[in-house]
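First up is the structure itself, then whatever we jot down about it.
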Amino acid sequence: MTMRRRDFLRVSGAAALAAPALLRSVRAAETVSLYDVEKFGNARILHMTDTHAQLKPVYFREPSVNIGIGEMWGRPPHLVERAFLERYGIRPDSAEAYAFTSFEFEKYSGRFGRMGGFAHLKTLIDKLRADVGDRRALLLDGGDLWQGSGLANAMHGADMVSAANLLGIDAMTGHWEFTYGEEALRANLARFKGEFLAQNVFLTEEAAFNDAKAFDPGSGRVFKASMIKEIGGARIAVIGQAFPYVPVAHPRRFTPDWTFGIREEELQKLVDGLRGADKVDAVILLSHNGMDVDLKLAGRVTGIDVILGGHTHDAVPQPVAVSNAKGTTLVTNAGSNGKFLAVLDLDVGKGRVADARYRLLPVYSELLKPDPAMQALIDQTQQPQVAAWSEKLATSDRLLYRRGNFEGPTDDMICEALRSQLDAEIALSPGFRWGTTLIAGQSIMLEDVLAQTAISYPETYVQRLTGAQIKDVLEDVCDNLFNADPYLQQGGDMVRLEGLSYRCAPAEAIGRRISDLTLANGRALEPGKTYKIAGWASMTAQDGKPVWEVVATHLRSVGLTSAGTSTVTLSGVDGNPGFAAPS
Amino acid sequence: MTASFGPLANRRLLLKGAGLVALIGLGNAVLHAAPAFAATNDNKYPEDAFRQKNATDAIKALYGRDHEASDKIKLDAPEIAENGGVVPIAVTTTLPDVTSIAFIVAENPNALAASYKIPEGTVPAVANRLKMAKTSSVIALVESGGKLYSATKEVKVTVGGCGG
Chain A
1 MTMRRRDFLR VSGAAALAAP ALLRSVRAAE TVSLYDVEKF GNARILHMTD
51 THAQLKPVYF REPSVNIGIG EMWGRPPHLV ERAFLERYGI RPDSAEAYAF
101 TSFEFEKYSG RFGRMGGFAH LKTLIDKLRA DVGDRRALLL DGGDLWQGSG
151 LANAMHGADM VSAANLLGID AMTGHWEFTY GEEALRANLA RFKGEFLAQN
201 VFLTEEAAFN DAKAFDPGSG RVFKASMIKE IGGARIAVIG QAFPYVPVAH
251 PRRFTPDWTF GIREEELQKL VDGLRGADKV DAVILLSHNG MDVDLKLAGR
301 VTGIDVILGG HTHDAVPQPV AVSNAKGTTL VTNAGSNGKF LAVLDLDVGK
351 GRVADARYRL LPVYSELLKP DPAMQALIDQ TQQPQVAAWS EKLATSDRLL
401 YRRGNFEGPT DDMICEALRS QLDAEIALSP GFRWGTTLIA GQSIMLEDVL
451 AQTAISYPET YVQRLTGAQI KDVLEDVCDN LFNADPYLQQ GGDMVRLEGL
501 SYRCAPAEAI GRRISDLTLA NGRALEPGKT YKIAGWASMT AQDGKPVWEV
551 VATHLRSVGL TSAGTSTVTL SGVDGNPGFA APS
Chain B
1001 MTASFGPLAN RRLLLKGAGL VALIGLGNAV LHAAPAFAAT NDNKYPEDAF
1051 RQKNATDAIK ALYGRDHEAS DKIKLDAPEI AENGGVVPIA VTTTLPDVTS
1101 IAFIVAENPN ALAASYKIPE GTVPAVANRL KMAKTSSVIA LVESGGKLYS
1151 ATKEVKVTVG GCGG
C-alpha cells in the first residue's frame, strides 16, 4: 500500500491534465495532491456517467481500437495508447496512462490496482463538494447507472437508486434505465431523490391518444426536460438528453409508448426559452448521445455552454471546444465504470459563463478511503447474492476484456460458449461497451459472467441464416459504428463473431465494408447457403436460456477454451491514431 | 413532435389511410388528401406516377418538371427510424400559393409514397407515416405558384441492436 501510494505520487504530475487553449491552464504544482483541486469560479458541477452499476472497484481496460474515420480521423475521442498519451502529454509509465489508456495495461494493473467503486466515489465526491461548500456544487449522472451487474439486473436497478440517493445525485438522464420497462423505471424514479431529465422522450401519437402518462401532456414530453438550480449566486440550467435510439438499439417492447430521437429543434427551443424567459446564466446539457453525436450537435444547437457527455465510454481528459453560430460549446465525455469523476468549475457571471476549468479525475480506489455508510449499503444490498454468485467457474489464464471496436477476449469466451453449448457453426455477441476486465490469474465467478451479460433480454437463440443475410447484418451493425454522419451512429461497437472471420474497411460505405467472410473450416461463406447461428440479446423475443447460464455451464464443464480463432482484418487503418496493433 | 396531438389528429390516425398512408390533419388544415385526389391539375388518381420505380421517373410522371431545393420547406423526419414500417414524416412550408405536396421515398420499390392536393386557403401542412423498405432519402415536394420546390432528408432504417 505504501509502495503503491509512492508510485501514484511520483507519477501524478500536473502536466497530464493541462487544459486546452480556451481554458486557463491548470497550475503545475507538484505539492498539490491529485484530489486537491484548486478552487475556481462560483459553481462546481461534478459529473459521473456510465458507471454500469459497478458498486465495487473494478479493472477496466480502455480500448486499443477506437477508430475515427473521415472528419473524426485522429480527433478525440478516437485516439488510443501512444497517440492518446502524446496528444495529452501523459507519461507512458504514469498512473494517468493506466487510467486513460490500454497502454501496457496488464503490467500497470498490478501497480495501480482497481478503480472506482461507489464507496470510494462517495469519499471523493463529498470532499470535492465540501471544498467549495455544498451549496456551490451539483452532482450529475449521465445515465447507464442502473445496469451492468447481476444485482442491478435482478433488482431492476433498485439497488442503484439507493446508492444514487446516498451519493447525492441531483439529476440524471438515462439509457439502459429504459430497458427495465416503464413500470420498473417509474417505481425507481418514485424513490430517486434527484431529478430524471429527458428533453427527447415523447409519447407516441397512439399513447397520447390513449392518455398515457406524461410529464407535460401538452408537448407530449414523458419526463421533465430541464431544471434550474441556484448555485453560487448563478442560475444554472441543466437539460437532460437521454440516449436517442433506445427503441432502435433495444427491443421495442420495453418502451412501446415512447418515441425518442436527437430532437435538435425541440432542444434549441428549450435552450432559447431558458435563456430568454427563464433568464438563466448558464446552460448545461447532460447528455447520453455519445461523443461524436455531441460534437456534431454542439456545432448546430446554440446557447449551450457545456455538454457533459457519456454513452460512448470515452475518457477524454480535456473538453473539445466547438464553435457554432452564436458562440462556443465545450464537449466532454467522462469514461465509464466509475473510473472517473469529472469536475467542471464555472465562473458564471450575469447571463454568461466567463471562464471554465475541467478535470477528469481518475478514481484510484487505493488512494481513497471507502465511505463507511456507502460500504455498508453495498455490503447489505449484495449480501443475499454473495454465496450463489461467488461460485468459481474457472480461472482466467489471460487478460479478459471486452472494450474495442471489433473484438476482445471476453467476447471470444462468450461466443465460444454459445457455439459449443448450442452446437452452432457461427456465434454472435453484441458489441457492448460495458463489461469489466479480469486480470490473468483471477477467478472467473458467476458474478463476473453476469457483469458481461446482465441485461433484461438475455435469452439465447439458435436460428438459420443465409450467408447473404449474415453479411447484411454485419454491414448494418458496422454502419451504426462508422457511418460518416455521427447522427446515424448508435454508439455501440461491432458485433462479435466466432466461427467466422472477415475483413473490414471502416472508411467504406455500407455494403462495401465487409469482405472475405471465411468459416472456421477455411471455406468461404456462401451467400446462398444456410448456416446455423447462435446468439443472444435479440431484438425479437426469444425463449432460450439466459446467456450467463450457457457461459457458466461451458466454463464449469470445459473451462476457458483457447483464444478465439476467428479474426477481423482491418483495411485502410494504417497510421490511424485510433488503432494500436496488438502488442 | 409538432402540433399533431389533437384528438382529431389521433382519431384519424386510428382510421389508417388506404395503401401506404395514414393521414393526420395538422392544425385547422382541411386536407383533401387521399390517393383518390391527384396532385396535378385534374382530379384523377395519378396511377402512372405511383407505378414508377425511381424518384426521377415518379416526379416526372407526377409533375413533368424539375424541382429546386427550398429552405422554406420544413421536413421533419427521424434520423434513424424506430420502426421502418411506420416512419412519421411531416412537412410545413412558408411558400405561397401551395397547390400540392408529395412524398418520395427514393429507395422504396415504388418511389412515390403519397400525393396531396392542397385546396386554396388551406394551411400547407401535412403529416403522415411512410413505410420504408430500407435506408433512403425522403423528398418532400411542394408545388407553389406553379413551380416545384423540394426538401430532402436521409432516414436510416436499421436492424438495430447492439447499443453501448
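First to last, the sequence lines map onto chains A and B. Counting from 1, position 423 in the first sequence corresponds to residue 423 in this note's numbering; the numbering is continuous, with no gaps. One gets this note's numbering by counting positions in the second sequence from 1 and adding 1000 to each. Note that CB positions come from ideal geometry on N, CA and C, so glycine has one too.
I want to see whether chain D comes within less than 7 Å of residue i, judged by CB atoms only; does it?
i, result
"E1143(B)", "Looking for chain D here will not work: the only protein chains present are A and B."
Report the residue from the options whose alpha carbon sits nearest the alpha carbon of residue i.
i, options, result
"R402(A)", "L393(A), I414(A), K392(A) and A580(A)", "I414(A)"
"I378(A)", "Y108(A), F118(A), R61(A) and T49(A)", "F118(A)"
"K1153(B)", "S1100(B), K1053(B), A1106(B) and T1093(B)", "A1106(B)"
"G492(A)", "T312(A), P582(A) and L124(A)", "T312(A)"
"D141(A)", "R275(A), I239(A), A454(A) and A298(A)", "I239(A)"
"T540(A)", "V462(A), L121(A), G148(A) and D485(A)", "V462(A)"
"I1080(B)", "L446(A), P486(A) and V558(A)", "P486(A)"
"L55(A)", "C478(A), S365(A), M445(A) and T453(A)", "S365(A)"
"R359(A)", "A315(A), W389(A), P384(A) and M374(A)", "A315(A)"
"P251(A)", "S538(A), Y531(A) and A154(A)", "S538(A)"
"Q490(A)", "G338(A), G168(A), G261(A) and P546(A)", "G261(A)"
"L500(A)", "L488(A), V550(A), E104(A) and I514(A)", "I514(A)"
"K1147(B)", "T1122(B), Y1045(B), I1104(B) and V1098(B)", "V1098(B)"
"P458(A)", "V495(A), Y502(A) and E549(A)", "E549(A)"
"D216(A)", "Q199(A), I228(A), G232(A) and A373(A)", "Q199(A)"
"F482(A)", "Q380(A), S33(A), G157(A) and I67(A)", "I67(A)"
Is there at least one Cβ from chain B nearer than 7 Å to residue i's Cβ?
i, result
"M539(A)", "yes"
"P247(A)", "yes"
"L488(A)", "yes"
"D476(A)", "yes"
Which chain B residues are close to residue i, counting only those with a beta carbon under 7 Å from its beta carbon?
i, result
"D543(A)", "Those within 7 Å of D543(A) in chain B number zero; the least Cβ separation is about 18 Å."
"N521(A)", "Neighbours of N521(A) on chain B: none; closest Cβ ~27 Å, over 7 Å."
Going along chain B in order, which residues have a C-beta closer than 8 Å to the C-beta of residue i?
i, result
"R252(A)", "E1082 and N1083"
"V473(A)", "V1159"
"N200(A)", "What N200(A) touches in chain B: nothing, since even the nearest Cβ is about 11 Å away."
"N337(A)", "Under the 8 Å cutoff, chain B gives no residues; its nearest Cβ is about 13 Å from N337(A)."
"N333(A)", "Chain B residues near N333(A): none, gap ~12 Å exceeds 8 Å."
Report the neighbours of residue i on chain A: residues whose CB is nearer than 9 Å to its CB, in chain order.
i, result
"E1079(B)", "P244, Y245, G261, I262, D485, Y487 and L488"
Cβ closer than 7 Å: which chain A residues qualify as neighbours of residue i?
i, result
"K1156(B)", "L488"
Quick one, are the C-beta atoms of residue i and residue j less than 7 Å apart?
i, j, result
"G220(A)", "L203(A)", "yes"
"V37(A)", "V343(A)", "yes"
"A593(A)", "A524(A)", "Limits of chain A in this structure are 1 at one end and 583 at the other, which puts residue 593(A) out of reach."
"T259(A)", "V246(A)", "no"
"L1141(B)", "A1102(B)", "yes"
"K1072(B)", "T1092(B)", "no"
"G467(A)", "P527(A)", "yes"
"V222(A)", "A234(A)", "no"
"F579(A)", "R357(A)", "no"
"V473(A)", "V551(A)", "no"
Give a yes or no on whether the minimum CB-CB distance between residue i and chain A is below 7 Å.
i, result
"A1022(B)", "With a pLDDT of only 34 at A1022(B), under the threshold of 50, the placement of this residue in the model should not be trusted; the figure read from the coordinates follows. No, no contact with chain A."
"A1061(B)", "no"
"K1153(B)", "no"
Rounded to the nearest angstrom, how far is the Cβ of residue i from that of residue j, given a contact under 8 Å?
i, j, result
"F192(A)", "N165(A)", "7 Å"
"E1120(B)", "Y1063(B)", "Contact flag wrong, Cβ pair sits at about 19 Å."
"Q1052(B)", "L1112(B)", "6 Å"
"L399(A)", "A451(A)", "Contact flag wrong, Cβ pair sits at about 15 Å."
"G148(A)", "W434(A)", "5 Å"
"V363(A)", "L330(A)", "Actually they do not touch by this definition, with Cβ atoms about 22 Å apart."
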